[in-house]
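Structure first, then comments.
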Amino acid sequence: MKLRAFSWIANAPLLVMLAVAPSFAADITAEGSFERTLKVSGPVNLDVTTGSGRINVRAGEPGTMRVLGTIRAGTGWHIDRAEAEAKVRRLEANPPIEQNGNVVRIGRIEDEDLRRNVSISYELVVPAETRLRSETGSGSQTIDGIRGPLEASAGSGSLKISNIGAEAHASTGSGGIELDTIQGNVHASTGSGHIRGTRIAGGVNGHTGSGDVELEQTAPGNDEIETGSGSVEVRGLRGSLRVRTGSGRITAQGEPTGEWRLHTGSGSVTVRLPQQAAFDLYARTSSGRIHTNHTITVEGTLNRREVRGKVRGGGHLVDVSTSSGSVEID
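Mapping of the sequence shown onto this note's numbering: position 74 corresponds to residue 74, and the numbering continues sequentially without gaps.
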């Protein structure tokens, strides 16, 4: 019995190698690329899509658009190495680029068999005067320096967007969203991942299933922020504000030119307002304390866990609540 056991163990590496060999074969890919230069005149309306692959867009010279595509074709059921190579050659010879004047569509492949097991990543250099819609099923996106507006979406992958001259929409099923220097309102949503925005010249509508939200704003705008689990920090807001998080702290700094309503299921809330701010205050906590540096004219309620009153004669409502945590109004 011992000899048989030893014999089985001695042969085990061979069995493991045989078992994993097919997975190695499935990883073999054929690779290729294409490059095209398109002539345009005036503002460009660009639509880019890929089932799997990265999309990178940056601003270049006016009147010219450069498209670089990197192709990877995988083997699999009913697709051998030769077929994968043939797909790459077809796409190199006839890349998925359509142009009608200043309207450009990239990435649309009607042939379902050609699409199967194919990934194309795009590097695009476009005129600054470009409106963009970009979509990837799985892959990251980086977009910089275009006038916009833009709409970027991904089934799974991070989005990094910067120096946009108009409104920006960004959504991903799973991945972080980072925005910098956006000259307009922002709509950002992710199923799982953080949202970070700096130098946002407008309002923000941000939603994440799980992740922190951090915003810095440089122009008036109204915010609506929600996260299932994560902290929220808003700086420089001049407008209305609604924040809700299931679990996480909230920090809000700015000028309430509309209602502020902040709620967390578990976490502290800190609100920083100008010393001359006039507002109505309703703050409460189920477990924690309430502290404020502002002089309050009490209306109805004043205790360590609930405060209702007016500051400097009153104004827009600042409504703050937490089920577990402290509240501080500075």
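In this text, a Cβ means the ideal position worked out from N, Cα and C, and glycines have one as well. Source: prediction; values computed, not measured.
{"Query": "Going by other Cβ atoms of all chains shown within 10 Å of its Cβ, with 16 needed for buried, is Ser321 buried or exposed?", "Result": "buried"}
{"Query": "State whether the stretch 111-124 contacts the stretch 50-58, with contact taken as three or more CB pairs (one from each stretch) at a distance under 8 Å.", "Result": "yes"}
{"Query": "Pick from Thr29, Gly32, Thr64, Arg36: whose alpha carbon is nearest that of Gly42?", "Result": "Thr64"}
{"Query": "Can you tell me the Cα-Cα spacing of Ser268 and Ser174, whole angstroms?", "Result": "27 Å"}
{"Query": "Flag this pair as touching only if the stretch 62-81 and the stretch 149-162 have three or more C-beta atom pairs under 8 Å; answer yes or no.", "Result": "no"}
{"Query": "Among Glu226, Thr136, Glu216, which one has its Cα closest to the Cα of Ser210?", "Result": "Glu226"}
{"Query": "Look at the alpha carbon of Arg199 and the alpha carbon of Val232, and state the distance between them as a whole number of angstroms.", "Result": "17 Å"}
{"Query": "Use the C-beta contact count for Ser119: other C-beta atoms within 10 angstroms, 16 or more gives buried, fewer gives exposed.", "Result": "buried"}
{"Query": "Roughly how many angstroms lie between the CA atoms of Ser192 and Leu241, to the nearest whole one?", "Result": "22 Å"}
{"Query": "Could you check which residue in Gly107, Leu46, Phe279, Gly325 has the C-alpha nearest to that of Ile290?", "Result": "Gly325"}
{"Query": "Leu179 lies in the beta strand (DSSP E); which residues open and close that run?", "Result": "177-182"}
{"Query": "Look at the alpha carbon of Arg235 and the alpha carbon of Pro220, and state the distance between them as a whole number of angstroms.", "Result": "12 Å"}
{"Query": "What are the partner residues of Arg54, as DSSP defines its beta bridges?", "Result": "DSSP output for Arg54 lists no bridge partner at all."}
{"Query": "If Ile146 and Leu159 are in contact, beta carbons under 8 Å, what's the gap, nearest whole angstrom?", "Result": "Rounded, the Cβ-Cβ distance is 14 Å, inconsistent with contact."}
{"Query": "For Asp330, which residues of its own chain have a beta-carbon under 6 Å away from its beta-carbon, when the five flanking residues on both sides are left out?", "Result": "Arg272, Asn293"}
{"Query": "Would you mind reading off the limits of the beta strand (DSSP E) that contains Arg272?", "Result": "269-272"}
{"Query": "Among residues of its own chain, excluding the 5 on either side of Leu18, which ones have a beta-carbon nearer than 6 Å to its beta-carbon?", "Result": "Per-residue confidence for Leu18 stands at a pLDDT of 33, beneath the threshold of 50, marking its modelled position as unreliable; the derived number appears in the next sentence. Closer than 6 Å at Cβ, skipping near neighbours: no residue."}
{"Query": "Start and end of the alpha helix (DSSP H) containing Glu85?", "Result": "81-93"}
{"Query": "Using 10 angstroms around the beta-carbon of Thr50, count the other beta-carbons present and answer buried if the total reaches 16, otherwise exposed.", "Result": "buried"}
{"Query": "Whole angstroms is fine: what's the gap from Ala128's alpha carbon to Leu46's?", "Result": "12 Å"}
{"Query": "Grouping DSSP H, G and I as helix and E and B as strand, with all else coil, what is Glu61?", "Result": "coil"}
{"Query": "Among the residues of its own chain, which have a CB less than 7 Å from the CB of Glu299, if the five just before and after it don't count?", "Result": "Arg308, Gly309, Lys310"}
{"Query": "Pick helix, strand or coil for Gly157, following the three-state DSSP scheme.", "Result": "coil"}
{"Query": "Starting from Asp113 and walking both ways along the alpha helix (DSSP H), at which residues does that stretch end?", "Result": "112-115"}
{"Query": "Run the CB neighbour count on Asn94, radius 10 Å, all protein chains shown included, and call it buried at 16 or more, exposed below.", "Result": "exposed"}
{"Query": "Determine the direct distance from the alpha carbon of Ala30 to that of Phe24, and round the result to whole angstroms.", "Result": "Residue confidence is low: Phe24 scores 33 on pLDDT, short of 50, so the model does not pin down where it sits. Its coordinate-derived value is still stated next. When rounded, the distance between both Cα atoms is 14 Å."}
{"Query": "So, does the CB of His263 fall closer than 8 Å to a CB anywhere in chain C?", "Result": "Given the protein chain composition of this structure (a single chain), no chain C is represented."}
{"Query": "Based on Cα-Cα distance, which residue from Ala166, Gln253, Glu224 lies nearest to Leu132?", "Result": "Ala166"}
{"Query": "Please list the terminal residues of the continuous beta strand (DSSP E) segment that includes Ile106.", "Result": "103-106"}
{"Query": "Alpha carbon to alpha carbon, how far is Ile71 from Leu91? Give it in angstroms, no decimals.", "Result": "8 Å"}
{"Query": "Mind checking which residues open and close the beta strand (DSSP E) that includes Gln217?", "Result": "213-217"}
{"Query": "Suppose the cutoff is 7 Å on Cβ atoms and the five residues either side in sequence are ignored; what does the same chain contact list for Ala278 look like?", "Result": "Val311, Arg312, Gly313, Gly314, Gly315"}
{"Query": "Check this for me: beta carbons of Thr136 and Gly254, under 8 Å apart or not?", "Result": "no"}
{"Query": "Using a 10 Å radius around the Cβ and a threshold of 16 neighbouring Cβ atoms, would you call Ala252 buried or exposed?", "Result": "buried"}
{"Query": "Whole angstroms is fine: what's the gap from Gly258's alpha carbon to Thr264's?", "Result": "20 Å"}
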